[in-house]
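Residue numbers (my numbering): 190 to 345. Okay, structure first, notes after.
Set out below in structure tokens:
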């Protein structure tokens, strides 16, 4: 009986942790550390700033174009229609709701240009529930801008 209760508890905890939070993504909502909009720069400046230095602490504002539907553990911010910044949460310390997609946010954290491995790209594609054909089509690593967010603020 004790084993059944322990197993049931473990399953409930696992299921509750394996989903994005079901909280509001309304303007003013914050995730992770509390941050403000003050001194936030438009995300469009980030590629140019990263040409001048390897990494930098940044506070940027941009539009969320995708959210991890599995746990809310990453988001993509549009830089241009062909380019995005990939945002992960610092130390997996917080998650965001899928309702964040389409919202404008301020993200504060560390930004750098990285090369994402094929294995990681396939993992993110699986998280995003891409088709097996789309996952199998990933054959090469990709250079992209990554932010490790310590806080995210919904602005609109």
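The C-beta atom is built at its ideal place from N, Cα and C for all residues, glycine as well.
Legend entry - Proximity below 9 Å, CB of residue 293 to CB of residue 212: No, they are not a contact pair.
Inset, instruction - Report the three-state DSSP secondary structure of residue 324 (helix, strand or coil). - result: Three-state result, residue 324: helix.
Inset, instruction - Buried or exposed for residue 341, please, with buried defined as at least 16 other CB atoms from any protein chain shown within 10 angstroms of its CB. - result: By the neighbour-count rule (16 or more Cβ atoms within 10 Å), residue 341 is buried.
Legend entry - Meets three-Cβ-pair contact criterion under 8 Å: the stretch 279–288 and the stretch 319–336: Between the stretch 279–288 and the stretch 319–336, the count of C-beta pairs closer than 8 Å stays below three; the two stretches do not touch.
Inset, instruction - Check whether the Cβ atoms of residue 304 and residue 285 sit closer than 9 Å, and answer yes or no. - result: If you check the CB distance, residue 304 and residue 285 do not come in under 9 Å.
Legend entry - For residue 264, three-class secondary structure by DSSP: Strand, per DSSP.
Inset, instruction - Figure out for me which residue from 254, 270 and 269 has the closest Cα to the Cα of residue 263. - result: The shortest C-alpha separation from residue 263 is found at 254.
Legend entry - Check whether residue 331 and residue 310 have beta carbons under 9 Å apart: Note that the C-beta distance between residue 331 and residue 310 is below 9 Å.
Inset, instruction - Taking residue 300 and residue 233 to be in contact with their CB atoms under 8 Å, please state how far apart those CB atoms are, rounded to whole angstroms. - result: Rounded, the Cβ-Cβ distance is 13 Å, inconsistent with contact.
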